[in-house]
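Participant:
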Amino acid sequence: MTEHDDAPEYDIAAIEQKWRAVWDELKPWATDDPADKRPRKYILDMFPYPSGELHMGHAEAFAFGDIVARYWRLRGFNVLHPIGWDSFGLPAENAAIQRGANPVTWTYDNIAEQRGNFERYGVSFDWSRVLHTSDPEYYKWNQWLFLKLYEKGLAYRKESWVNWDPVDQTVLANEQVLPDGTSERSGAMVVKKKLTQWYFKITDYADRLLDDLNQLEGSWPPKVLAMQRNWIGRSIGADVDFVVEGRDEPVTVFTTRPDTLFGATFMVVAPDSDLAAELAAGSTPEVQAAFAEYLAQAQKNTEIERQDATREKTGIPLERFAINPVNGERIPIWTADYVLADYGHGAVMAVPAHDQRDLDFALRFGLPVRQVVDTLAPVTGAIPVITEEMLNEPIPVLDPAVTGEALAGEGRMINSGPLDGLSKQNAIKRVIEILEAAGTGRAARTFRLRDWLISRQRFWGTPIPIIHGADGELVPVPEDQLPVVLPPTEGLDLQPRGESPLSAATEWVTVADPRDGSPARRDADTMDTFVDSSWYFLRFLSPNDDSKAFDLAEAEKWAPVDQYVGGVEHAILHLLYARFITKVLFDLGYVSFTEPFSALLNQGMVLSEGKKMSKRSPKGTTFTAEVDKHGADALRLTLAFAGPPEDHINWEDVSPAASAKFLARAFRLAKDVTSAPEVEWKSGDAALRRITHRFLADVPGLAESLKFNVVVARIMELVNATRKAIDTGAGPADGAVREAVEVITIALSMFAPHTAEEMWEILGYEPTVALAGWRKADPTLLIEESVTAVFQVDGKVRDKAEVSPKVTAAELEELARASAGVQRAIGDREIVNVIVREPRLVNIATRG
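According to full-length UniProt numbering, the residues represented by the sequence shown are 1 to 848, in order.
(1) Tell me where the alpha helix (DSSP H) around H570 begins and ends.
(2) Measuring straight from C-alpha to C-alpha, what distance separates R665 and D698?
(3) Assign G795 to one of two classes, buried (16 or more other C-beta atoms within 10 Å of its C-beta) or exposed (fewer than that).
(4) Helix, strand or coil: how does DSSP classify S534 here?
(5) Out of curiosity, what's the CA-to-CA distance linking A95 and R75?
(6) What do you reckon, are the CB atoms on V627 and R120 nearer than 8 Å?
(7) For F447, which three-state DSSP category applies?
(8) To which residues of the same chain is A752 closer than 7 Å at the C-beta, ignoring the five residues directly before and after it?
(9) Give every residue of the same chain whose Cβ lies closer than 6 Å to the Cβ of W72, excluding the five residues on either side of it in the sequence, and list them in chain order.
(10) Who are the near neighbours of D6 in its chain, counting only those whose CB is closer than 6 Å to its CB and skipping five residues on each side?
(11) May I have the straight-line CA-CA distance separating P285 from Q297, to the nearest angstrom?
(12) DSSP three-state label for N650, please.
(13) Tell me the DSSP secondary structure of F262 in three-state form.
(14) Could you give the first and the last residue of the continuous beta strand (DSSP E) run that contains T47?
(15) So, helix, strand or coil for K724, using DSSP?
(16) Straight-line CA distance for I395 to T375?
(17) Any idea what DSSP makes of L600, helix, strand or coil?
(18) Starting from D165, follow the beta strand (DSSP E) in both directions and report where the run begins and ends.
(19) So, at 7 Å on beta carbons, what are the nonlocal neighbours of A756 in its own chain, with the 5 sequence-adjacent residues on each side left out?
(20) Do V326 and I434 have their C-beta atoms closer together than 8 Å?
(21) Which residue from D165, T255, N301, S160 puts its Cα closest to that of S273?
(22) Buried or exposed: which applies to K583, given that a residue is buried once 16 or more other Cβ atoms fall within 10 Å of its Cβ?
(23) Quick check: the region 174-183 against the region 544-559, are there 3 or more CB pairs under 8 Å?
(24) Is the distance from the Cβ of T302 to the Cβ of G315 below 8 Å?
(25) Entirely within the region 630-687 and at least 4 residues each: give me those alpha helix (DSSP H) ranges in chain order.
(26) Counting C-beta neighbours from all protein chains within 10 Å, is the total for V797 16 or more, i.e. buried, or is it exposed?
(27) Can you list, in chain order, the residues of its chain whose CB lies under 8 Å from that of L696, leaving out five sequence neighbours each side?
(28) How about the region 514-529 and the region 463-483: do they share at least three Cβ pairs that are nearer than 8 Å?
(29) What residue from D647, D11, L318 has the CA that sits closest to A277's CA?
(30) Between V348, R208, I43, R229, which has its C-alpha nearest F586's C-alpha?
(31) How would you write the range of the beta strand (DSSP E) that G65 sits in, first residue to last?
(32) Buried or exposed: which applies to D451, given that a residue is buried once 16 or more other Cβ atoms fall within 10 Å of its Cβ?
(33) Any idea if E16 is buried or exposed, counting beta-carbon neighbours within 10 angstroms, 16 or more meaning buried?
(34) Count the other CB atoms within 10 Å of the CB of G461; is the residue buried (16 or more) or exposed (fewer)?
(35) What number of angstroms, rounded off, separates the C-alpha of E329 from the C-alpha of R320?
(36) Quick check on the burial criterion: 16 or more other C-beta atoms within 10 angstroms. Buried or exposed for residue 849?
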């Protein structure tokens, strides 16, 4: 520690207050000047939910986004860095219900608090572009988007089994049900309920959503790309049509292994599928009663439980039969809960010899098991001739009906008529040809991805712009009547009760049919809030335009987003839906790109005692407490320096106090500089100038690869070198000292903007340092005066020498051979090879 570490004039509270006022007046982050010809960058943080005071997770994420935005401004770019609030949703509605308050009041009070936190934190947002998704001016365009999807056939309504949250009394998309079967919101165990709901047909885009991930390789985290691919889950195979006795239409089964069709000995349908209900209804009264009982039991189990391979299989026969299309066999149809209604067509052909789940079921209920793949036969090459020696060898027991182990490996087909002897791929190709020729099947693909269920039975969301006519027809609200505004909450019971509270707003829900003026009713459901966030990045481009959702010309200028910053918890839901909507808008001609976010940064979590920090963290570690104690700049610097941005931060391992001391030390450098701004740098301390210009050359690459912690470490090194030059070297009047301090100030503006602005002013410049520009490194100062060359004999270091970076291979070898240490190591041994890697290495190999 030096005498300057605790510089008393570094009053961070006063400095921060001063510069917030200056920025408010200058508005340096505004991006609305049409004459601005700088190249553009769009930097976006995932917008927050207005739950009150910011917490440490917010502090980390928004610090990183702001570092990126400030860096690109220094590089000469016009940077769009907007902010808004994802202000619809269950937390606001539930909080309002618990407190007996208006969700509008609760939401906008919290937004005001968070905005104050952001301003205190020094985040460089363009405050002229603020949006709130709960403003009618915003959700009008949610409704417009819904109508566009409806016109394109991508929004539809159907009755189906849905995930029902019994606490929040609303449906959930599949993605909102956690792996343990609970709701991600309430934590309640999700149950199945049959309702008529609105869906977006995201499955129409499944192939593109999967294939276009290739565009994002190298710019999105590999983990996120893998999660998206797994969620979409494309399977390649065939659709096979089975004739069902007593049914006019065949039942179509999707299978990834059509080559094993000759081994299909029964069929299984999901109990919660419409097909199962239909088949049971056409069976005996005894089967109908057993099916109703089994269905009720199956609905009590989560999908995870139903897919548990260790769980004993259950099911009942429906006493209906299907015909196997390749061999004409009559096979029984069962219903069992290990089959899911939303996979393929809700029915599977069971090949128990080669699928463990099917085998477990077959053995449990005494169903036939037929092997159709010889897993001992080679997959490639000629089929071997059976010799007498081979016949004398013990024959391994491979019959799955005996071993209880399905034969899942590859081999050659047996017991399969025209497929016998073929390998898997050839058999698949051949059987599809047979099916297509007979009109009983075709090549197909299916996906794990299901259509996006957007209906919600809650108040605080975007009303669905559909009117239900007296004749049962669905009538879109005319565009010139948008927005359909939520009714006032006064007198409206917001308690969840299985249907939307809006249905009780009689005056609001009763409306004239746009077709003929006859009495009709509004749709009382609201939209999933993921609709709000699926396109908000486009609304930021023209947030105050009442005539259109976004300006197409502005989209051409700014979009897609160059750098998106946010938590990995949104790796599936939000990102998948935003990608889908972008592709729809591309198809409709509204945008010229197909991916919304060119690059993605997922920050790690901030942990305290192993737990994620939030606004409910201990009082001494909240956002407000840390800023009160150390200042916003110290908090920002601490988070940036803690490690790679994607890594978790243990709050016990970092020190905002140390960051504050370092900033005071850097600040004192500006106070100590005595030269004028116009001082000649070139005549200054050469060693310090080389350090400064190496810093200028290295930081852009580090910043663009998001190595913020390394940039901070390099700033610290330059501060130390500059302090040394002032105290023991060139002195405070040296031009190189001023140059170094100015470079430190410019770099610090990314991490500690208030401190940097004050230093910039002390150095004699007008605000703002954020627009000062990144200086170019002088290439002549990047050349090393000398490098250390290592001389080895048989791989062992025997000597070193300082040489010119321009030394030739011959010169370096001559120096090595002349070295006393090398000569002693060689002795009388023969030199057999010399490897030279100028200017740093010579290795002499010997023998004898």
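Where is the CB? At the ideal position from N, CA and C, for every residue including glycine. All figures in this text were calculated on a predicted structure; none of them were measured in a lab.
Facilitator: Short version:
(1) No alpha helix (DSSP H) contains H570, which DSSP labels as neither H nor E.
(2) Going from the Cα of R665 to the Cα of D698 covers about 23 Å.
(3) Flag for G795 reads exposed.
(4) Note: S534 maps to coil in three-state DSSP.
(5) So the alpha carbons of these two residues sit roughly 44 Å apart.
(6) Cβ distance < 8 Å, so V627 and R120 count as in contact.
(7) Here F447 sits in strand by DSSP.
(8) Closer than 7 Å at the Cβ level, and outside the excluded window around A752, lie D633, R636, L637, L663.
(9) Answer for W72: K41, V79, listed in chain order.
(10) Interpretation of D6 is limited by its pLDDT of 45, a score under 50 that renders its predicted location unreliable; the figure taken from the coordinates is listed afterwards. Residues of the same chain with a CB within less than 6 Å of the CB of D6, apart from the 5 flanking positions on each side, do not exist.
(11) Distance between the alpha carbons of P285 and Q297 is about 19 Å.
(12) Three-state result, N650: strand.
(13) Correct three-state label for F262: helix.
(14) It should be pointed out that residue 47 corresponds to Phe in this sequence rather than to Thr. That residue, F47, is in no beta strand (DSSP E); it is neither H nor E in DSSP.
(15) The answer is helix: DSSP assigns K724 an H, G or I state.
(16) Any reading at I395 needs caution, since the residue's pLDDT is 48, under 50, leaving its predicted position unreliable; the model's value is listed next. Whole-angstrom Cα-Cα distance: 14 Å.
(17) Three-state result, L600: strand.
(18) For D165, the uninterrupted beta strand (DSSP E) run begins and ends at 155-165, by DSSP.
(19) Here the set comprises T745, L748, S749, V769.
(20) I434 sits close to V326, with the two beta carbons spaced by under 8 Å.
(21) Among D165, T255, N301, S160, the Cα nearest to that of S273 is on S160.
(22) Buried, because 16 or more other Cβ atoms sit within 10 Å of the Cβ of K583.
(23) Touching, no, given that fewer than three Cβ pairs across the two stretches are closer than 8 Å.
(24) No, the Cβ-Cβ distance between T302 and G315 is not below 8 Å.
(25) If we require 4 residues or more, the alpha helix (DSSP H) runs fully inside the region 630-687 come out as 632-641, 656-672.
(26) V797 sits exposed, since fewer than 16 C-beta atoms from the chains shown fall within 10 Å of its C-beta.
(27) The beta carbon of L696 lies closer than 8 Å to those of V743, W774, R775, K776, A777 in the same chain, with the five residues before and after it left out.
(28) Counting Cβ pairs under 8 Å, three or more are found: they touch.
(29) With distances taken between Cα atoms, A277 lies closest to L318.
(30) The option with the nearest alpha carbon to F586 is R208.
(31) From DSSP, G65 is part of no beta strand (DSSP E) but of the alpha helix (DSSP H) over 56-74.
(32) Counting the other CB atoms within 10 Å of its CB gives D451 a total of 16 or more, which places it among the buried residues.
(33) Buried is the call here.
(34) That one is buried.
(35) Spanning the two alpha carbons is a distance of roughly 14 Å.
(36) Residue 849 cannot be examined here, being either before or after the span of the chain that is shown, 1 to 848.
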